[in-house]
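*Asks:* For the sequence shown, UniProt numbering gives the first residue as 1, with consecutive numbering after it.
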Amino acid sequence: MQDIRPIILCGGTGSRLWPMSRTQSPKQFQPVGGPGSLTFFQATVQRHRSKGFGKPVVVTAMQHYRTVQQQLKELQCDATIICEPMARNTGPAVLAAAMVLAEEDPKALMLILPADHIIEGNLNTPILSMREAASDGRIVTFGITPTYPETGYGYITDGGAFSNYAGLHSVAEFVEKPPLSKASALVDTGCAYWASGISLYSTKTIIQEFTRLDKPSLNAVTEAVSKGEWADNCLKLHADSFRKATNEPTERVIFERAKSVAFAPLDVEWSDVGCWTSMHAIGHSDTDGNVLTGDVISVNSKNTLVRGDKRLVAVVGVSDVIVVDTPDAVLVTARGQCQDVKKVVETLKSESRRESVRHLAREHQWGQSHHVMTSKDHDMTMLSINPGSSITVDPLPGRQIIAGRGGLSVFDGLSNRTLGKGERAMLDVLDRTKLTNTSSDKIDVIMVTLNSSISNSMPMDTALNA
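Listed below in structure tokens is the structure:
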């Protein structure tokens, strides 16, 4: 039986997990258990690195390409990356992956996996048992036995077992995010399952279904793939073509209308970790029900989630509270009210606040950048450049750098100079400047920009390039 190719979808912004999740560094790329642990994306990749599974395909936004590349490198995992020029929901993303795989094998089996879910238990065995059904043209979705009437999930209702495929059931109905009364009624029947977002089918089947049910998307994605650019095992989809695709999830476009759709129950612990209450539910709690990560002291507190970062966080005499500390923002909310965190993000966006978009510190292929401060007069950013790495800095009047140690090469397009420890250089105001670490150790560079120069310019992070 042929191997299954994992298709990992890395879209979404995870606004309900702010301040950990931000637009430029969303939930799926954040560590599951705090600093030092695997990210949600990495955990998804690792889950299917076993017998029966082949090389993964990762579909992500163009802006997250470097992050995906770096996190795969940390796992020493080879993968094909497909970059979307804009978000068009899961339908076009899945179709693009199918077309790329079909060029290698028209009958390849593809397993669709959200990159930001937490799963514990034996997931691979039931998935592998569905290969025959998928090879025969079935679209196999996977359902989770509900433990409570969740209104934020979709549901699949059981239409009866197949006689020719062990463990496979027909779908009576898809129910999308029902109100509480409907969700309670579904759970009470014992015949309804949470839709996990995981599905298995062949490239041939899904392309045929798009041909039948969504021809505009088929044409748009076909063109986006054929006109796309390949480099370093990454396909950058053609933007003008891709934006013509239908902005809908695969479930709505295909699953709810296809006669070939079926489902298989999964006996695992599963959460889409859509909010901080979910993070508390899946965490390893102490005897008082507290889930504590980082440098945290809890006194007479119960049923809390406290996630520290680089400083001590102490909670005293509180219950059912969630505290999330980051270097530039702190969230405090009642457990069970976390769905409203997205309202904070909406406010930040309406006020054009940086805290909705990016963290103070960011990882790059060349090293790290850390936003130190912004005053009415200037903006200061610390750059840590890896040995042998280079970055280019966009020109702005009044921009200057200070080298933390010797070995920093500065090239403005015409001449090259090397800065020693503590030496300062004004950057060219017309052309981009290339900074290269020629030493054998990491170099810290302080970059200062006058606020009069940056008030109407691009965000600081977009001014730094590999």
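Glycine included, every Cβ here is placed at the ideal spot set by N, Cα and C. Since this is a predicted model, take the numbers as computed values, not measurements.
(1) For Met426, which of helix, strand or coil comes out of DSSP?
(2) May I ask you to verify whether the segment 222-241 touches the segment 79-98, counting CB pairs closer than 8 Å and requiring at least 3?
(3) Please state the DSSP three-state secondary structure of Arg353.
(4) Apart from the five residues on each side of it in sequence, which residues of its chain come closer than 6 Å, Cβ to Cβ, to Met426?
(5) Which residues in the same chain as Gly406 place their Cβ atom closer than 6 Å to its Cβ, once the five residues preceding and following it in sequence are excluded?
(6) Does the segment 209-222 come within contact of the segment 188-196, defined as at least 3 CB pairs closer than 8 Å?
(7) Are the segment 290-299 and the segment 130-147 touching, with three or more C-beta to C-beta distances below 8 Å?
(8) Can you name the start and end residues of the alpha helix (DSSP H) that Trp276 belongs to?
(9) Please report how far the alpha carbon of Thr80 lies from the alpha carbon of Ala314, in whole angstroms.
(10) My guess is that Asp444 and Pro387 are in contact by the Cβ rule of under 8 Å, so how many angstroms apart are they, rounded?
(11) Does DSSP put Gln368 in a helix, in a strand, or in coil?
(12) Run through DSSP, which three-state label would Ala314 get?
(13) Throw me the rounded Cβ distance for the Val32 and Thr39 pair, which I believe falls under 8 Å.
(14) List the endpoints of the continuous beta strand (DSSP E) containing Ala329.
(15) Under a Cβ-count criterion, where at least 16 other Cβ atoms within 10 Å of its own Cβ denotes burial, should Pro179 be classed as buried or exposed?
(16) Taking only the alpha-carbon atoms, compute the straight-line gap between Asp272 and Gln30 and give it to the nearest angstrom.
(17) Leaving out the 5 sequence neighbours to the left and right, which residues in its chain are closer than 6 Å to Pro459 when beta-carbon positions are compared?
(18) Along the chain, which unbroken stretches of the alpha helix (DSSP H) at least 4 residues long are found entirely within the segment 102-170?
(19) Mind checking which residues open and close the alpha helix (DSSP H) that includes Asp412?
(20) For Val140 and Thr449, I'd like the C-alpha separation in whole angstroms.
(21) Find the nearest neighbour of Ala115 within the set Thr60, Cys77 and Glu256, judged by alpha-carbon distance.
(22) Extract the residue ranges of the alpha helix (DSSP H) inside the segment 194-219, only unbroken runs of 4 or more that lie entirely within it.
(23) Taking three-plus beta-carbon pairs below 8 Å as touching, is the segment 299-314 in contact with the segment 150-164?
(24) Any idea which residues DSSP pairs Ala61 with across the strands?
(25) How long is the line joining the alpha carbons of Ser241 and Gly137, rounded to whole angstroms?
(26) Which whole-angstrom value is the C-beta distance of Thr333 and Trp276, which I expect to be below 8 Å?
(27) Please say whether Ser409 and Leu435 have beta carbons closer to each other than 9 Å?
(28) Between Ser457 and the rest of its own chain, which residues show a CB-CB distance below 7 Å, the 5 nearest in sequence each way excluded?
(29) Would you kindly check if the distance between the Cβ of Ala195 and the Cβ of Ile254 is under 9 Å?
(30) With a 10 Å radius around its C-beta and 16 neighbouring C-beta atoms as the bar for buried, classify Thr205 as buried or exposed.
(31) Is the segment 121-133 touching the segment 165-184 in the sense that three or more CB pairs, one from each, lie closer than 8 Å?
(32) Could you pull the start and end residues of the alpha helix (DSSP H) that Leu180 belongs to?
*Replies:* A quick look at the data gives this:
(1) strand
(2) Of all C-beta pairs linking the segment 222-241 to the segment 79-98, three or more are shorter than 8 Å, placing the two stretches in contact.
(3) coil
(4) Gln400
(5) Gly420 and Lys421
(6) no
(7) no
(8) Trp276 to Ile282
(9) 44 Å
(10) Not quite, the Cβ-Cβ distance comes to about 13 Å (not below 8 Å), so this is no contact.
(11) strand
(12) If DSSP states are grouped into helix, strand and coil, Ala314 belongs with the strands.
(13) 7 Å
(14) Its beta strand (DSSP E) spans residues Ala329 to Ala334.
(15) A residue is called buried when at least 16 other Cβ atoms come within 10 angstroms of its Cβ; Pro179 does not meet this threshold and is exposed.
(16) 14 Å
(17) Here the model assigns Pro459 a pLDDT of 41, short of 50, so the residue's position is not dependable and the matter cannot be decided.
(18) 124-128 and 131-135
(19) No alpha helix (DSSP H) contains Asp412, which DSSP labels as neither H nor E.
(20) 54 Å
(21) Minimum Cα-Cα distance from Ala115 among the listed residues Thr60, Cys77 and Glu256 corresponds to Thr60.
(22) 203-213
(23) no
(24) Glu84
(25) 28 Å
(26) The pair is a contact, with the Cβ atoms about 7 Å apart (cut-off 8 Å).
(27) yes
(28) Note on Ser457: pLDDT 39, under 50, position unreliable in the model; no value is reported.
(29) no
(30) Note on Thr205: 16 or more other CB atoms within 10 angstroms of its CB, so buried under the neighbour-count rule.
(31) yes
(32) For Leu180, the enclosing alpha helix (DSSP H) stretches over residues Leu180 to Thr189.
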